[in-house]
Every structure is written in structure tokens, then in C-alpha cells.
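Everything on this sheet refers to the single structure shown next.
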Ligand code: PAF
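Residue numbers (this note's numbering): 73 to 325.
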């Protein structure tokens, strides 16, 4: 497994792969890898000759500096997960290589990105779309893999790829859950034991409550600080903070 901090070195490697007509599967992440990421890597391994993982905690998508400061970093464990999944290369770029422009240029979407998480996290999806476009351009993968846990992100990335005639196929992968139903997320590492016990109630309430309004009320009564519960396009979406950790989830209706 190779590691690339220098993007120039990665670009040399990429040229060799393209010359040899090897297909590339790409999994972009912010690290703190869990079984959800491992499932994306496994799918990429099955469908491509060469698997690239990026680990980059992208500051431009954090609207809350405290959330960025607390974002878990577990690089040794990440290497282990990557090795087990059969990753060929990890990209670990630095800010000045990803943002040589100092974030003067950005990608924005003006409709769906304003709803749900976008309504509560100003600038978040500009940061996500911008870094994903940069990474997709850098990796030039045949396929890139994203989890449905971040359903809004996934739809916006699909839309961006179409709008800008980008050639990487975006592959949607199902949410991976803990045995108690909690959607796997790097932020779960920050839950204190009490909040971790309570966190599966988010999905339970989304699944078992007739209306979004009632679901919102129930979650508030259970101690969640609710940003939103909304039914949209045949799914129910929610974001809520518990024990200082913001959780998101979505389920089919
Ligand atoms: O889903 C994530 O981990 C991030 O939003 C992504 C897609 C890696 C962009 O930083």
C-alpha cells in the first residue's frame, strides 16, 4: 500500500495506471474509518483494478470551528482498515496542495443544497462539492463510492458530476448500521456512553412515527436537540444533536 502526501507524486502514479489501462476505484473520506467506509472500500476492491482512498479533513465544509477541532483523527487505525480492505494507495494531501487558490474558487448548488443540512450549516455543501470536485479531478477514477447515510451529499455530488460532464461514475452504497440500528459515522466516536446508548433512538423514531412533526416532538422529548425532521422525495431525513454530537440519518418511507 503506497501513501501519497505529494499530489505531484500521485499524478505520476496515475499516469502509469492510465497507460496500463488499469481501472481506478476511489473512496474519498475524512478518516476515522469504520465499517461503513470498509464496505465502500470492499465494493471498490471488487469492481476495479486499483483502489485509492483519500483521507482529508476538509476545513471548508465545517461551518462550526468547534466541530472541526473535535473531528476524530485515527490514522493508525485507518491504515489498518485500508490494508485489510486491499487499498492500493492512500492520498493524504495538505491544505495548501488541495487549496492552492486559498478557496477563492468554489462549486455551489442553489436549490437542494439550501434544504435539510444546508439550511442549518451555511456553506457546508459549497465546501463538500468543491473538495469532491478537486479530488475527482485529481484521482480521475472510473468509479467513486459514497454512502447513502449522507444522502443529500450523495445526490448533490451526482448532480455536480452530471452538470460538469465529469466522467467518474458515482456509486451509491447502503448505510451500514451498528447492531442496535445506529448509522455508522466517524462522529459516533465522540458520543459519551450515555449518548451512545440513546443514539439509536434517532432511527427508531424516524422509522416508527407516522408524521415528521410527531417524530420531531418525540426526539425533543427524548433529549435530542433537533435541527430538522423532514419527509422529502420518498425519504425521511433528520439531523439532531445529542451530547454535543450532531447525528444525521435518513430512511426510506
Ligand atoms: O462524506 C465525507 O466524509 C466528506 O464529506 C467527503 C465526501 C470526503 C468530502 O470531504
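Idealized CB from N, CA, C, for every residue including glycine.
Query: Proximal residues to residue 188 (C-beta, below 8 Å), its chain only, five neighbours per side dropped; Result: 224, 300, 302, 304, 309 and 311
Query: Element boundaries [beta strand (DSSP E), containing residue 304]; Result: 297-304
Query: Straight-line Cα distance separating residue 274 from residue 289; Result: 12 Å
Query: Cα-Cα separation, residue 324 to residue 307; Result: 4 Å
Query: Run of the alpha helix (DSSP H) containing residue 147, from where it starts to where it stops; Result: 147-157
Query: Identity of the residue in 192, 101 and 168 nearest residue 80 by Cα; Result: 168
Query: CB of residue 257 within 8 Å of CB of residue 102, strictly; Result: no
Query: Length at least 4, wholly inside the stretch 169-219: the alpha helix (DSSP H) runs in chain order; Result: 188-192 and 196-211
Query: Assumed close pair residue 282, residue 207 - CB separation to whole angstroms, cut-off 8 Å; Result: About 41 Å; that fails the 8 Å criterion.
Query: Length of the line joining the Cα atoms of residue 193 and residue 92; Result: 43 Å
Query: Residues of its chain near residue 112, where Cβ-Cβ distance is below 6 Å and the 5 sequence neighbours each way are ignored; Result: 99, 217 and 245
Query: Test item: CB-CB of residue 132 and residue 175 under 8 Å; Result: yes
Query: Check: residue 321 C-beta below 7 Å from any heavy atom of the ligand PAF; Result: no
Query: Cβ-Cβ distance between residue 96 and residue 129 below 8 Å; Result: no
Query: Where residue 166 sits in the DSSP three-state scheme; Result: coil
Query: Residue 203: CB within 7 Å of a non-hydrogen atom of the ligand PAF; Result: yes
Query: Of the listed residues 180, 164 and 195, nearest to residue 137 (C-alpha basis); Result: 195
Query: Residue 200 beta carbon near the ligand PAF (any heavy atom closer than 7 Å); Result: yes
Query: heavy atom of the ligand PAF below 7 Å from residue 150 C-beta; Result: no
Query: Status (buried if at least 16 other CB within 10 Å, exposed otherwise) for residue 73; Result: exposed
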